[in-house]
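Numbering (UniProt numbering), first residue to last: 1 to 281.
We treat Cβ as the ideally placed atom computed from N, Cα and C, and that holds for glycine.
These figures come from a predicted structure and were not determined experimentally.
For reference, the structure discussed in these notes is given below.
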Ligand SMILES: C[S@@+](CC[C@H](N)C(=O)[O-])C[C@H]1O[C@@H](n2cnc3c(N)ncnc32)[C@H](O)[C@@H]1O
């Protein structure tokens, strides 16, 4: 059965506002990998589980056409609203049925989304639509680590604030979340020509956000586990968790007076699983 945990309009709005954009070097790595394997024109890319289009938009300069697809109507509505590029379209569609002709797609990406899919069906569809030597890339990112912009090396106590909320909301996360924590180490790509970049091998793919304490708390509210916690326990209980986190962060920053506008940075490390469809498959 399909899992639908990104349906709420408010959740989708928080999502488009606070979820990270993949770092530019991750996208250029994927494009270089594709161009090493495939010599023809880049006509079409599909970004599956596109959410509000964070990863979709970054593909636009490289392809004639990009299609973002998602199972959530609210996410698609926000993606359309947030996107200007005329070569991108968005469509409401499950990953088990891709919007493309047979052998017509050079690149398929799924960013922080593949753990929600029916993977055997998705891989079958990917194989149907990819051209020979086309590329399938699954990306994701681990829990972000906040830090003080003026003391970037002291991160442990900041990370503890995130870990504590993650731990408290643990029972409300879907079981597939563990695959993100494990950086998809239980997923085997369908083609033998593949690269698995995780942990230290993926440190180069780190996106840093320069924001405020309030914005970081906004990001935490995009967590599907926290949204499930709110549905079950109510917004007031969530507010208590967030208030506690806010006070701890301000204390660590030594900025008790500044409140939510205190400067805070946080970084997301992305991992990447990428593979090439063989000539015959
Ligand atoms: C964590 S979000 C990631 C969104 C975006 N790619 C990003 O990088 O922020 C996961 C997305 O996958 C979508 N999704 C979940 N199951 C899906 C499925 N079976 N088919 C298509 N999309 C799905 C959700 O609606 C959600 O928008």
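- With at least 16 other beta carbons inside 10 angstroms of its own, residue 54 counts as buried.
- For residue 228, the shortest C-beta to heavy atom distance toward ligand 1 is 8 Å or greater.
- Residue 270 has 141 as its beta-bridge partners, per DSSP.
- Secondary structure of residue 155 (DSSP, three-state): coil.
- About 30 Å separates the Cβ atoms of residue 229 and residue 26, ruling out a contact at the 8 Å cut-off.
- The beta carbons of residue 111 and residue 76 sit no closer together than 9 Å.
- Relative to ligand 1, residue 93 has its C-beta within less than 8 Å of a heavy atom.
- A direct Cα-to-Cα measurement between residue 265 and residue 202 gives close to 20 Å.
- Assigned with DSSP and collapsed to three states, residue 163 falls in helix.
- With distances taken between CA atoms, residue 272 lies nearest to 142 out of 142, 95, 118.
- Rounded to whole angstroms, the separation of the alpha carbons of residue 281 and residue 101 is 16 Å.
- In this structure, the straight-line span from the alpha carbon of residue 163 to that of residue 89 is close to 37 Å.
- The C-beta distance from residue 135 to residue 103 rounds to 14 Å, too long to fall under 8 Å, and the pair is not in contact.
- Boundaries for residue 50: no alpha helix (DSSP H) harbours it, and the DSSP string shows neither H nor E there.
- Shortest gap from the CB of residue 108 to any heavy atom of ligand 1: 8 Å or more.
- Contact holds between the segment 111-126 and the segment 83-99, because three or more Cβ pairs, one in each stretch, are under 8 Å apart.
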